[in-house]
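Novice: The sequence shown begins at 3 in my numbering and counts up one residue at a time.
Once you've had a glance at the structure underneath, I'll fire off some questions.
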Amino acid sequence: MADNTSITQIETFGFERIPDASRYARPIDLFRLLFGGCNTFSTSVLGSFPVLVGLSFEASMWAIIIGVLAGTCILAPMSLFGPRNGTSDPVSSGAHFGIHGRIVGSFLAVLTSVAFFSLAVWSSGDALVGGAHSMVGLPVNAWTLGSAYMVFAVLVLIVCIYGFRFMLWVNKIAVWAASLMFVLGAFAFAKAFDVHYAGTLHHGSGGFWAAFIGAMLVALSNPVSFASTLGDWARYIPQSTPRHRVMGAVFAAQIATFVPFFFGLVTATIIATQAPSFISSNDYVGGLLAVSPRWFLLPMCLIAIIGGMSTGTTALYGTGLDMSSMFPKLLNRVRATTLIGTLAIGFIFLGRFAFNLVESVATFSTLICTFSCPWMAIMVIGFVQRGGFYLADDLQVFNRGGRGGHYWFTHGWNWRAMGAWLPAAFIGLAFVNLPGQFVGPLGALADGCDLSVPVSFAVGGVLYLAMLWLFPEPDSVYGPQGRRLVGASHKHSHVIAHVPVTPRVRDLVGNREQAE
Numbered sequence: 003m004a005d006n007t008s009i010t011q012i013e014t015f016g017f018e019r020i021p022d023a024s025r026y027a028r029p030i031d032l033f034r035l036l037f038g039g040c041n042t043f044s045t046s047v048l049g050s051f052p053v054l055v056g057l058s059f060e061a062s063m064w065a066i067i068i069g070v071l072a073g074t075c076i077l078a079p080m081s082l083f084g085p086r087n088g089t090s091d092p093v094s095s096g097a098h099f100g101i102h103g104r105i106v107g108s109f110l111a112v113l114t115s116v117a118f119f120s121l122a123v124w125s126s127g128d129a130l131v132g133g134a135h136s137m138v139g140l141p142v143n144a145w146t147l148g149s150a151y152m153v154f155a156v157l158v159l160i161v162c163i164y165g166f167r168f169m170l171w172v173n174k175i176a177v178w179a180a181s182l183m184f185v186l187g188a189f190a191f192a193k194a195f196d197v198h199y200a201g202t203l204h205h206g207s208g209g210f211w212a213a214f215i216g217a218m219l220v221a222l223s224n225p226v227s228f229a230s231t232l233g234d235w236a237r238y239i240p241q242s243t244p245r246h247r248v249m250g251a252v253f254a255a256q257i258a259t260f261v262p263f264f265f266g267l268v269t270a271t272i273i274a275t276q277a278p279s280f281i282s283s284n285d286y287v288g289g290l291l292a293v294s295p296r297w298f299l300l301p302m303c304l305i306a307i308i309g310g311m312s313t314g315t316t317a318l319y320g321t322g323l324d325m326s327s328m329f330p331k332l333l334n335r336v337r338a339t340t341l342i343g344t345l346a347i348g349f350i351f352l353g354r355f356a357f358n359l360v361e362s363v364a365t366f367s368t369l370i371c372t373f374s375c376p377w378m379a380i381m382v383i384g385f386v387q388r389g390g391f392y393l394a395d396d397l398q399v400f401n402r403g404g405r406g407g408h409y410w411f412t413h414g415w416n417w418r419a420m421g422a423w424l425p426a427a428f429i430g431l432a433f434v435n436l437p438g439q440f441v442g443p444l445g446a447l448a449d450g451c452d453l454s455v456p457v458s459f460a461v462g463g464v465l466y467l468a469m470l471w472l473f474p475e476p477d478s479v480y481g482p483q484g485r486r487l488v489g490a491s492h493k494h495s496h497v498i499a500h501v502p503v504t505p506r507v508r509d510l511v512g513n514r515e516q517a518e
């Protein structure tokens with residue numbers, strides 16, 4: 003459905019369900035947002051990681067391919083919640099975790115958004131300042147880097163405040179522009195690239211599989227990082243859109259991310275042979291600047307600018323939206339976005355100059371996957387269990403200041419899902435093995451291999467199925483086709499009890515009804 007509203011008009015929809023008449027996005031728009039959010043140096047940094055840990059080009063390539071495809075298979079079903087319920091995924095998760103338990107999804111959204119927003123600003127700012135230094139002699143110091151970070155962060159915040167239409171417009175440009183720059187990069191580095199790059203770890207040698215699995219998990223973290231924010235954009239897709247088209251857009255977007263991933267991988271092998279000191283210091287951007295032909299410095303600066311904007315907006319947009327749903331009486335979407343964006347900017351400067359968190363990319367990505375994967379497993383199992391049946395209005399009970407409804411469960415918490423997610427997350431955390439960063443108490447059980455993500459994902463799914471089998475949910479949460487996997491009880495849902503309506507909640511409900 004077409005929408006003629008100006009991109010400079012601030013988005014009015016917040017966490018409430020978007021009426022069908024106001025949903026104008028298509029699966030291709032979801033593709034643009036997903037791919038645009040990855041088509042930047044921050045993804046190239048992830049692509050360089052296998053070489054940093056000593057893998058050969060061939061092993062690195064397979065680690066990236068397996069990681070991205072596995073992560074995409076986990077992510078793709080998450081795209082179905084937005085069109086079905088017309089709201090964000092954390093709000094939709096209230097159907098399975100309870101309308102209070104959806105705070106788990108909100109926590110994951112904040113963790114993911116701040117981490118990848120920071121990574122986008124750091125990598126793009128470093129590339130821009132470094133490129134300007136090589137071209138015009140701009141000094142590289144805390145002042146120039148800090149200025150670049152601030153400009154990127156403020157521009158991203160402005161786009162997010164204007165909302166979905168502006169963000170979609172930015173990503174329409176970013177997809178083609180950044181892709182063209184990466185294609186130019188293929189010509190820039192073609193002669194220096196050696197497909198037979200051997201690395202320092204060989205198959206069968208000690209530490210190989212630990213490095214391979216670690217690299218695979220870093221690649222997997224890229225698609226998984228969109229788990230709690232995918233519905234922020236998919237909610238604008240009409241509910242009648244075939245599911246295979248929505249999921250197909252997710253698959254296509256993640257397959258397209260091989261462009262920045264392989265750019266990072268290829269250039270990392272060149273850096274390792276021509277500028278090994280940068281590899282030893284884990285400074286990918288600095289190494290890239292050292293080995294780049296002079297004519298490629300301008301395209302690299304353009305990638306930094308365009309990619310930083312697209313990645314930053316897709317990372318930050320949903321956090322403000324979700325924060326407004328957690329505090330509906332205090333914050334609307336614009337105020338929440340401004341608040342979270344300001345805090346994230348502060349984190350960027352502290353993380354870069356006070357704690358040097360730039361070197362902790364692997365730790366960020368692994369911990370995000372460890373906590374997100376069991377949440378995703380529970381959500382997808384719940385979707386299948388209920389046959390995609392949801393009562394979208396009942397998901398908004400908390401946001402409107404009420405109690406009860408079909409998803410009230412036990413005082414707003416569904417302890418079946420919570421009882422699966424909490425153990426899975428902490429068991430997975432115990433299996434983390436990141437030498438020099440964090441090693442869990444069970445991290446050494448697999449000869450140095452990090453099993454945190456597969457363990458947390460499997461444990462979360464199995465525990466949730468067991469909980470549903472042992473303690474069936476009320477029949478009222480299922481549709482006409484009934485349950486799909488395990489049994490349901492005959493308990494009835496709680497009647498919605500409304501609390502005194504504040505002016506803020508009254509305005510939200512009024513706007514929703516007017517839009518409908």
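Ideal Cβ positions, reconstructed from N, Cα and C, are used throughout, including at glycine.
This structure is a prediction, so every number in the text was calculated from the model and none was measured.
Between which two residues does the beta strand (DSSP E) holding residue 100 run?
Specialist: From DSSP, residue 100 is part of no beta strand (DSSP E); its letter is neither H nor E.
Novice: Under 7 Å Cβ to Cβ from residue 58, same chain only, skipping five residues before and after it: list those, please.
Specialist: Closer than 7 Å at Cβ, skipping near neighbours: 199, 200 and 201.
Novice: Can you list, in chain order, the residues of its chain whose CB lies under 6 Å from that of residue 137, leaving out five sequence neighbours each side?
Specialist: 299, listed in sequence order.
Novice: Cutting at 7 Å between CB atoms, please list the residues of its own chain near residue 225, excluding the five before and the five after it.
Specialist: Excluding residues within five positions, the ones whose Cβ falls inside 7 Å are 70, 73, 74, 77 and 256.
Novice: Out of 28, 296 and 97, point me to the one whose CA is closest to residue 480's CA.
Specialist: Out of 28, 296 and 97, 97 has the C-alpha closest to the C-alpha of residue 480.
Novice: If you draw a straight line from the C-alpha of residue 61 to the C-alpha of residue 266, how long is it?
Specialist: Taking the straight line joining both Cα atoms gives about 14 Å.
Novice: Tell me the rounded alpha-carbon separation between residue 466 and residue 348.
Specialist: The alpha-carbon atoms of residue 466 and residue 348 are separated by roughly 38 Å.
Novice: Is residue 90 near residue 322, with beta carbons less than 8 Å apart?
Specialist: Taking 8 Å as the Cβ cut-off, residue 90 and residue 322 do not qualify as a contacting pair.
Novice: Following the continuous beta strand (DSSP E) through residue 404, name the residue where it begins and the one where it ends.
Specialist: From DSSP, the beta strand (DSSP E) with residue 404 extends over 404-407.
Novice: With a CB to CB cut of under 7 Å and the five nearest residues on each side skipped, what residues in its chain are close to residue 309?
Specialist: The residues are 41, 42, 43, 126, 176 and 180.
Novice: Output the residue ranges of the alpha helix (DSSP H) runs that lie fully inside the segment 187-258 and measure 4 residues or longer, sorted by chain position.
Specialist: Those alpha helix (DSSP H) runs which fall completely within the segment 187-258 and span 4+ residues are 210-226, 232-236 and 245-258.
Novice: So residue 216 and residue 449 are supposed to be a Cβ contact under 8 Å. How far apart are they, rounded?
Specialist: Actually they do not touch by this definition, with Cβ atoms about 13 Å apart.
Novice: Just to confirm, are residue 114 and residue 231 a CB contact at a threshold of 8 Å?
Specialist: Contact: yes.
Novice: What's the call for residue 32, buried or exposed, on a 16-neighbour Cβ count within 10 Å?
Specialist: It is buried - the Cβ of residue 32 has at least 16 other Cβ atoms within 10 Å.
Novice: Going by C-alpha to C-alpha distance, which of 302, 233 and 371 sits closest to residue 183?
Specialist: Nearest of 302, 233 and 371 to residue 183, Cα basis: 302.
Novice: Measuring CB to CB, does residue 419 end up less than 8 Å from residue 458?
Specialist: No, these two residues do not count as a Cβ contact at 8 Å.
Novice: Quick one: using the 10 Å Cβ neighbour count with 16 as the cut-off for buried, is residue 387 buried or exposed?
Specialist: Buried.
Novice: Compute the Euclidean distance between the alpha carbons of residue 124 and residue 436, then round it to the nearest angstrom.
Specialist: Roughly 22 Å between the two C-alpha positions.
Novice: Residue 11: buried (16+ other C-beta within 10 angstroms of its C-beta) or exposed?
Specialist: Per the 10 Å Cβ criterion, exposed.
Novice: Is it true that the CB of residue 187 sits closer than 8 Å to the CB of residue 291?
Specialist: Cβ distance not < 8 Å, so residue 291 and residue 187 don't count as in contact.
Novice: Using only alpha-carbon positions, find the residue among 162, 383, 264 and 88 that is nearest to residue 243.
Specialist: Here the closest residue by C-alpha is 88.
Novice: Check whether the Cβ atoms of residue 103 and residue 401 lie closer than 8 Å to each other.
Specialist: Against a cut-off of 8 Å, the Cβ pair of residue 401 and residue 103 comes out as no contact.
Novice: Can you give the Cα-Cα distance for residue 156 and residue 311, rounded to whole angstroms?
Specialist: Distance between the alpha carbons of residue 156 and residue 311: 10 Å.
Novice: Are residue 85 and residue 249 touching if we call contact CB-CB under 8 Å?
Specialist: Result no, Cβ atoms of residue 85 and residue 249 do not sit closer than 8 Å.
Novice: So residue 87 is in the alpha helix (DSSP H); what residue range does that whole segment cover?
Specialist: Unbroken alpha helix (DSSP H) run through residue 87: 83-87.
Novice: Would you mind sorting residue 189 into buried or exposed? The rule is 16 or more other CB atoms within 10 Å of its CB.
Specialist: Classification of residue 189: exposed, given that the 10 Å Cβ count is below 16.
Novice: Give the single residue among 37, 434 and 442 whose Cα lies nearest to the Cα of residue 235.
Specialist: Nearest of 37, 434 and 442 to residue 235, Cα basis: 37.
Novice: Below 8 Å between beta carbons: does that hold for residue 20 and residue 238?
Specialist: Closer than 8 Å, so yes.
Novice: Which residues share a DSSP beta bridge with residue 415?
Specialist: Beta-bridge pairing links residue 415 to 412.
Novice: For the segment 51-77, which segments carrying the alpha helix (DSSP H) assignment without a break, of at least 4 residues, lie completely within its bounds, in sequence order?
Specialist: With a minimum length of 4 residues, the continuous alpha helix (DSSP H) runs that stay inside the segment 51-77 are 59-77.
Novice: Can you give me the Cβ contacts of residue 378 inside the same chain, cut-off strictly under 7 Å, excluding the 5 residues immediately before and after it?
Specialist: So the list reads 76, 80 and 229, once near-sequence residues are dropped.
Novice: Could you check the C-alpha separation between residue 517 and residue 94 for me, to the nearest Å?
Specialist: For residue 517, the pLDDT reaches just 41, beneath the cut-off of 50, and the residue's location in the model is therefore unreliable, leaving the point undetermined.
Novice: Pull up the distance between the alpha-carbon of residue 464 and that of residue 391, whole angstroms please.
Specialist: Cα to Cα, residue 464 sits roughly 22 Å from residue 391.
Novice: Leaving out the 5 sequence neighbours to the left and right, which residues in its chain are closer than 8 Å to residue 434 when beta-carbon positions are compared?
Specialist: Excluding residues within five positions, the ones whose Cβ falls inside 8 Å are 368, 369, 372, 440, 441, 442, 445, 452 and 454.
Novice: Excluding sequence positions up to five away, which residues of its chain have a Cβ less than 6 Å from the Cβ of residue 277?
Specialist: So the list reads 289, 292 and 293, once near-sequence residues are dropped.
Novice: Where does residue 441 fall in DSSP's three states?
Specialist: It is a strand residue.
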